[in-house]
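Just below is one structure, and these are the notes that go with it.
2 protein chains.
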Amino acid sequence: MEQQKIEAAVEFARGNRQRFVDELKALIRIPSVSTLPEHTGDVRRAAEFIASELRRIGMENVRLIETATGGHPLVYGDWLHAEGNAPTVLCYGHYDVQPAEPLEEWITPPFEPAERDGNLYARGAVDDKGQMWMHVKALESLFAANEGRLPLNIRVLIEGEEEVGGEGIAWFVQNHHDQLRSDLALISDTEMFAPDLPTLCVGLRGMIYTEIEVRGARIDLHSGMYGGAAPNPFVALAQIIAKLKDENGRVQIPGFYDKVAAPSEDELKAWKALPFDEEHYRQTEVGSPELTGEPGYSVLERTWARPTLDVHGMPGGFIGAGAKTVIPAKATAKISMRLVPGQVPSEIFEQYKSFVESIVPRGVEVTVRLIHSAEPIVVSTDNRFVKASVEAMHQVFGTDTVFVRGGGSIPIVGDFIRELGLPTLMMGFGLPDDNLHAPNEKFHLANFHRGIESIIRFFAAAGA
Amino acid sequence: MEQQKIEAAVEFARGNRQRFVDELKALIRIPSVSTLPEHTGDVRRAAEFIASELRRIGMENVRLIETATGGHPLVYGDWLHAEGNAPTVLCYGHYDVQPAEPLEEWITPPFEPAERDGNLYARGAVDDKGQMWMHVKALESLFAANEGRLPLNIRVLIEGEEEVGGEGIAWFVQNHHDQLRSDLALISDTEMFAPDLPTLCVGLRGMIYTEIEVRGARIDLHSGMYGGAAPNPFVALAQIIAKLKDENGRVQIPGFYDKVAAPSEDELKAWKALPFDEEHYRQTEVGSPELTGEPGYSVLERTWARPTLDVHGMPGGFIGAGAKTVIPAKATAKISMRLVPGQVPSEIFEQYKSFVESIVPRGVEVTVRLIHSAEPIVVSTDNRFVKASVEAMHQVFGTDTVFVRGGGSIPIVGDFIRELGLPTLMMGFGLPDDNLHAPNEKFHLANFHRGIESIIRFFAAAGA
Chain A
195 MEQQKIEAAV
205 EFARGNRQRF
215 VDELKALIRI
225 PSVSTLPEHT
235 GDVRRAAEFI
245 ASELRRIGME
255 NVRLIETATG
265 GHPLVYGDWL
275 HAEGNAPTVL
285 CYGHYDVQPA
295 EPLEEWITPP
305 FEPAERDGNL
315 YARGAVDDKG
325 QMWMHVKALE
335 SLFAANEGRL
345 PLNIRVLIEG
355 EEEVGGEGIA
365 WFVQNHHDQL
375 RSDLALISDT
385 EMFAPDLPTL
395 CVGLRGMIYT
405 EIEVRGARID
415 LHSGMYGGAA
425 PNPFVALAQI
435 IAKLKDENGR
445 VQIPGFYDKV
455 AAPSEDELKA
465 WKALPFDEEH
475 YRQTEVGSPE
485 LTGEPGYSVL
495 ERTWARPTLD
505 VHGMPGGFIG
515 AGAKTVIPAK
525 ATAKISMRLV
535 PGQVPSEIFE
545 QYKSFVESIV
555 PRGVEVTVRL
565 IHSAEPIVVS
575 TDNRFVKASV
585 EAMHQVFGTD
595 TVFVRGGGSI
605 PIVGDFIREL
615 GLPTLMMGFG
625 LPDDNLHAPN
635 EKFHLANFHR
645 GIESIIRFFA
655 AAGA
Chain B
195 MEQQKIEAAV
205 EFARGNRQRF
215 VDELKALIRI
225 PSVSTLPEHT
235 GDVRRAAEFI
245 ASELRRIGME
255 NVRLIETATG
265 GHPLVYGDWL
275 HAEGNAPTVL
285 CYGHYDVQPA
295 EPLEEWITPP
305 FEPAERDGNL
315 YARGAVDDKG
325 QMWMHVKALE
335 SLFAANEGRL
345 PLNIRVLIEG
355 EEEVGGEGIA
365 WFVQNHHDQL
375 RSDLALISDT
385 EMFAPDLPTL
395 CVGLRGMIYT
405 EIEVRGARID
415 LHSGMYGGAA
425 PNPFVALAQI
435 IAKLKDENGR
445 VQIPGFYDKV
455 AAPSEDELKA
465 WKALPFDEEH
475 YRQTEVGSPE
485 LTGEPGYSVL
495 ERTWARPTLD
505 VHGMPGGFIG
515 AGAKTVIPAK
525 ATAKISMRLV
535 PGQVPSEIFE
545 QYKSFVESIV
555 PRGVEVTVRL
565 IHSAEPIVVS
575 TDNRFVKASV
585 EAMHQVFGTD
595 TVFVRGGGSI
605 PIVGDFIREL
615 GLPTLMMGFG
625 LPDDNLHAPN
635 EKFHLANFHR
645 GIESIIRFFA
655 AAGA
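Chain order of the listed sequences is A and B.
For the first sequence, the positions run 195 to 658 when the numbering used here is used.
For the second sequence, the positions run 195 to 658 when the numbering used here is used.
Rendered as structure tokens:
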């Protein structure tokens with residue numbers, strides 16, 4: 195693609211900034227909360243909104259795909275007419291969002307996008323509607339500046355179940371290798387390490403998400419009459435959890451750390467050079483009196499390269515205001531473990547399950563369930579797509595890209611590698627304080643626009 | 195009172211059995227659920243129903259009393275014209291009931307009383323409308339057989355907030371010592387140890403009901419991004435709870451057992467003689483694989499005379515179906531301790547609070563709150579009222595009374611002792627399988643009638 199046309203595409207994006215944001219706001223107003231059955235219709239409306247826009251900008255074969263797993267539809271579209279042996283890039287994103295609760299903590303309503311201080315506040319603003327929309331708008335700009343053609347082949351695959359485990363897309367990827375044949379997957383669902391610092395994410399933790407259900411008495415009992423004789427499932431769960439992780443944050447499951455692969459010396463050295471102030475992080479991002487986790491590892495190592503275990507909720511019993519003196523018949527703990535390269539999710543689950551079953555307190559029965567899992571990932575930085583992306587972002591941001599890892603999981607990255615042999619480029623434009631999955635989620639609009647320009651230039655460079 | 199008149203009163207009660215039950219059914223049909231605002235009108239209707247009946251049978255000064263705490267009214271009535279130096283008995287009961295949910299588990303609707311197999315099934319059948327009604331019907335029978343006079347002085351005080359904490363009656367008792375001056379409080383809100391076994395309850399456990407709130411990060415965080423650095427309030431709570439009670443069920447709070455008063459050798463011996471099969475209890479009442487609690491104590495000791503600690507619920511975080519990877523900013527545990535004679539609720543709360551504050555895990559802050567408390571009670575069995583009651587029940591049941599304790603708390607008993615210097619006689623006619631606070635609550639009608647006869651004979655003997 196000629197340089198002039200690349201600049202014309204960037205100019206097109208700049209000239210249409212307000213419209214791009216307005217369209218994103220319209221998409222955000224559709225409350226596509228994938229985990230809540232009452233929003234099933236909204237999730238589909240969001241899919242149709244995107245499909246309609248893909249058709250409008252010039253993508254072909256655009257359709258909603260229903261998967262065999264019966265969940266929310268995928269949105270697919272492609273344009274495969276690039277000249278020469280231009281590569282094919284699979285653009286992945288998701289249009290579903292997390293629930294917005296607790297609603298009372300939002301400054302403006304979660305599904306009424308509001309601009310304040312250069313940010314767009316709404317559920318899904320950055321995760322992932324806003325970032326996914328950058329791909330669409332970059333493609334639109336290239337089509338517009340280049341007589342309806344793209345500098346490379348593009349497939350777009352956008353799912354509506356990322357926040358609920360991604361069962362449908364996993365099935366689709368597994369069963370449609372040919373239809374998805376590509377050279378690279380591009381994902382914009384990560385963040386920049388710091389404002390103004392272009393960032394590629396080259397590793398992700400994996401995870402297993404589990405439930406431990408503890409059953410004691412057959413029915414709920416009154417603690418006055420039965421306290422001292424009937425087992426208490428919450429006390430049993432507390433005893434189990436206290437044995438899973440010691441007070442230094444070290445997981446106590448036998449074998450848990452055996453296969454952990456440490457980052458390379460070079461990677462560790464690069465992390466040390468990143469602009470990171472632990473005390474500032476504690477104060478501004480976490481806000482707790484102290485940070486926790488394994489001694490001897492930096493915060494970046496602990497959140498990127500060390501496995502950990504967290505409890506997310508403990509349903510059961512009485513959770514209303516005031517007092518009810520129930521000994522509940524059962525209680526559950528939702529527990530996940532973040533895994534790092536070397537650890538195999540299925541092996542870790544078996545180790546965990548065996549260990550929990552070996553420490554069941556008296557008087558109760560325990561069931562350990564796997565809800566879902568994702569593999570840990572490290573991607574190579576030594577390829578032409580990484581180079582093209584670093585150059586593109588240098589042009590937009592005027593500075594070198596840093597390579598980081600992410601502490602979270604993007605399970606589809608593992609599917610792309612395993613099923614399609616496809617490397618993934620994780621080029622994200624969120625910020626660390628964007629409140630993902632929390633009230634007052636936001637997207638810094640300057641990054642939305644720089645992201646679109648970066649992706650335009652990346653596509654052009656990758657297709658050259 | 196002449197023996198002939200006593201027998202006439204019993205005959206009156208026998209001749210009016212069906213009417214007594216029909217009246218109780220009419221009272222039960224008023225869904226006086228004190229905790230639900232939509233039933234406020236029903237609660238008042240139930241109070242008026244009882245007041246009207248008290249007037250009809252011959253009680254004086256009958257009125258509804260509004261308390262300064264603004265809740266449901268008390269029903270008061272008295273008759274204070276007994277001859278000589280007959281004692282005054284304060285008859286206490288409550289006309290409010292627990293919510294009936296889950297409705298689908300009721301065989302017949304909770305507020306449409308149904309007779310099956312000699313039982314009356316309905317919400318409130320035994321707790322406490324049916325048992326309170328025995329007092330009213332015993333008084334009616336005595337008035338009817340004795341030319342409108344009673345053999346002793348009677349005050350009736352019936353509350354409508356027992357199931358929601360009894361704030362109003364506590365205020366009233368505290369501020370109206372003179373108006374309530376009596377020699378004994380009679381409560382029928384307990385159960386018989388076994389069918390056909392007349393029972394007096396001579397001890398109750400006290401309690402403190404508390405909340406431990408643990409705060410970590412300032413806002414909810416994503417466990418992928420922050421897991422390994424941010425404190426997890428549920429893990430912290432689990433560590434605290436695991437230290438509060440060891441795996442044998444022994445509470446680990448320093449000083450917790452220091453003041454525990456053991457039951458007397460005689461009392462323990464009597465408990466051993468009670469018809470109690472631990473394995474049958476485990477199978478039919480609890481249903482857990484094993485019973486728990488302190489080693490070296492029988493089930494009756496553990497539930498009547500040993501303190502314990504239970505967790506009732508752990509609000510916070512994510513409790514929906516499926517997975518959400520939140521590290522919640524805060525989590526709470528609702529924890530109560532049952533206390534026994536010797537233990538002082540305020541002292542135990544301070545010991546507990548200090549201990550919890552001394553074991554706070556790294557990275558979190560903790561607040562320990564007292565929600566409410568009740569004093570443990572033991573009543574002397576060596577007084578004329580106990581003797582009169584034992585004799586009365588022997589005449590009705592043909593067998594000796596057993597003395598038991600209750601594991602639960604009846605806070606008003608503590609108020610009667612502390613505020614009015616008033617001993618309490620807990621003469622109840624429920625059965626262990628009456629499903630209090632649960633679906634299909636029932637009252638065995640034979641016990642309703644035997645209860646009325648027992649109370650007639652008790653009043654006559656106490657007034658002699």
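Built from N, CA and C at the ideal position, the CB exists for glycine as well.
Only a predicted model underlies this, so the values are computations on that prediction, with no experimental measurement involved.
Around the beta carbon of T593 (chain A), a 10 Å sphere encloses fewer than 16 other beta carbons of the protein chains shown; the residue is thus reported as exposed. For a Cβ distance threshold of 7 Å, residue set I513 of chain A lies close to P509 (chain B), ordered along the chain.
According to the DSSP assignment, S567 (chain B) belongs to the beta strand (DSSP E) that extends over 559-568.
Listed along chain A is no residue with a C-beta nearer than 7 Å to that of A467 (chain B); the closest approach is about 19 Å.
Taking a C-beta distance under 8 Å as the contact criterion, V562 (chain B) and I435 (chain B) do not qualify as a contact pair. Within the same chain, Q545, F549 come within 7 Å of P448 (chain A) by CB-CB distance, once the 5 residues on both sides are set aside. Taking the Cα of D321 (chain B) as reference, the smallest distance to any Cα among B:P296, B:P389, B:Y286 is reached at B:Y286. Three or more pairs of CB atoms, one per stretch, sit closer than 8 Å, so the segment 596-613 of chain A contacts the segment 390-401 of chain A. A residue is called buried once 16 or more other Cβ atoms fall within 10 Å of its Cβ, and K547 (chain A) is buried on that count.
When secondary structure is reduced to three states using DSSP, P509 (chain B) falls in the strand class.
With respect to chain B, the C-beta atom of P307 (chain A) has no partner C-beta closer than 8 Å.
Within its own chain, the residues whose Cβ lies closer than 6 Å to the Cβ of E559 (chain A), once the five positions on either side in sequence are excluded, are R409, listed in chain order.
A straight line joining the alpha-carbon of G278 (chain A) with that of V580 (chain A) spans about 21 Å. Under the 8 Å criterion on CB atoms, K636 (chain A) is classed as non-interfacial with respect to chain B. Bounds of the alpha helix (DSSP H) holding K547 (chain B) are 539-552.
Chain order gives no chain B residues near L374 (chain A), where near means a beta carbon separation below 7 Å; the closest approach is about 25 Å. Under the three-state reduction of DSSP, R599 (chain A) is assigned to strand. Taking a beta-carbon distance threshold of 8 Å, Y420 (chain A) counts as an interface residue toward chain B. Taking a beta-carbon distance threshold of 8 Å, G536 (chain B) does not count as an interface residue toward chain A. Shown here for T302 (chain A): same chain residues with a beta carbon closer than 7 Å to its own, the five before and five after excluded, namely A308, Y315 in chain order.
Rounded to the nearest whole angstrom, the C-alpha separation of H233 (chain A) and T263 (chain A) is 18 Å.
DSSP places Y475 (chain A) in the uninterrupted alpha helix (DSSP H) bounded by 472-475.
The Cβ neighbour count for P469 (chain B), taken over all protein chains shown within 10 Å, is under 16; the residue is labelled exposed.
Counting only residues of its own chain and dropping the five nearest sequence neighbours on each side, L503 (chain B) has a CB closer than 7 Å to the CB of L438, K439, V445, I529, M531. Annotated as proximal: V520 (chain B) and H631 (chain A), with beta-carbon spacing under 8 Å. A distance of 8 Å or more separates the beta carbons of H288 (chain A) and M253 (chain A). Contact annotation: I348 (chain B) and V283 (chain B) have beta-carbon atoms nearer than 8 Å. At a cut-off of 8 Å, the C-beta of S482 (chain B) has a neighbouring C-beta in chain A.
The segment 381-389 of chain A and the segment 612-623 of chain A touch, with three or more beta-carbon pairs separated by less than 8 Å. For R399 (chain A), the neighbours in chain B by C-beta distance under 7 Å run, in chain order, G418. Per DSSP, the unbroken beta strand (DSSP E) holding S530 (chain A) starts and ends at 524-533. Pairing R399 (chain B) with L533 (chain B), the inter-Cα distance amounts to about 5 Å. DSSP places K219 (chain B) inside the alpha helix (DSSP H), whose first and last residues are 211-222. Approximately 11 Å separates the beta-carbon atoms of L333 (chain A) and P345 (chain A); this is outside 8 Å, ruling out the contact. Contacts with chain A at 8 Å (Cβ-Cβ) include G557 (chain B).
Using a CB distance cut-off of 8 Å, G602 (chain B) counts as an interface residue toward chain A.
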